[in-house]
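Worksheet: the structure to be examined is printed underneath.
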Amino acid sequence: GVLSEVSSQRGGSLACGPCARRGTYINSRMMDKRLVENEVLLPKVAELIAAGHTVTLRVKGHSMNPFLRHGRDLVTLAPFEPKQLHPGVVVLAREKGSSRIVLHRIIHREGGQLTLQGDGNVQGTEQTMVSLVMGRVVEVIRGSSHFAVEGRIWRCYSRCWLSLRPVRRWLLAVYRRLP
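Residue numbers (this note's numbering): 1 to 179.
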């Protein structure tokens, strides 16, 4: 998924615009807006996370449906230890051999190699490495509800969704037809 509306612990906020390649930086103190390419924005997000900060982003795009919905949900990304990256964890990562950055779920790990897939994707996967992961999702915010991804409810949802991979195509077809 494409990300938007970024904020770090220290104040200011960032927002990605309507297209996948461009974002808007909003300085909350000065209230000015500037367009920022995602190629510039997301590495800055990674720098904040690497410095020990958490960063909250609004989800944009449909690749993580039905769990993370375009424009509705926010995710909080945090620093991680490599051992925390296992199947079921949602990460912000650069695709191996590409400049493309995705927010997808780990579906397989073999050593330092990770296979990612969006919850709303039935076939496409991305390959990355632990060293290309920028942050892991630790919280999902939906309206006034906060879901810790290590909490029982979110872990149950994640495990169920991963186990439904063989029938995901039909479940997503029904979901996409809902109003």
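All C-beta atoms, glycine included, are put in the ideal place defined by N, C-alpha and C. Predicted model, so just to flag it, every value in this text is computed and none were measured.
Proximity below 7 angstroms, CB of residue i to CB of residue j
i, j, result
"I106", "P87", "yes"
"L103", "L92", "yes"
"V45", "V140", "no"
"K96", "M64", "no"
"R142", "D73", "yes"
"V55", "L68", "no"
One or two residues paired with residue i in a DSSP bridge
i, result
"G135", "L92"
"H104", "V91"
"L57", "V75"
"G167", "Per the sequence presented here, residue 167 reads as Val, with Gly not at that position. According to DSSP, which records beta bridges pairwise, V167 is partnered with nothing at all."
"V140", "V75, F147"
Any chain B beta carbon closer than 7 angstroms to residue i
i, result
"L85", "Given the protein chain composition of this structure (a single chain), no chain B is represented."
Endpoints, the beta strand (DSSP E) within which residue i is located
i, result
"S145", "145-148"
"L114", "113-117"
"M129", "126-129"
Enclosing alpha helix (DSSP H) for residue i [first to last residue]
i, result
"R152", "152-163"
Reference residue i; option with closest CA among the options
i, options, result
"R94", "V138, Q84, Q127", "Q127"
"G61", "G71, V89, W154, L164", "G71"
"G151", "S163, S144, L164, V137", "V137"
"S158", "V40, P66, S144", "P66"
"A180", "T125, V90, H108, R165", "Examination of residue 180 is not possible in this model, given that the chain is present from 1 through 179 alone."
"S99", "R177, L41, R165, L178", "L41"
"P166", "L85, R177, Q123", "Q123"
Problem - Sufficient close CB pairs (3 or more, under 8 angstroms) joining the segment 119-138 to the segment 79-93 - result: They touch, by the three-pair rule.
Practice task
Check whether the segment 44-51 touches the segment 110-125, counting contact only when three or more Cβ pairs, one atom from each stretch, lie closer than 8 angstroms.
Solution key: They do not touch, by the three-pair rule.
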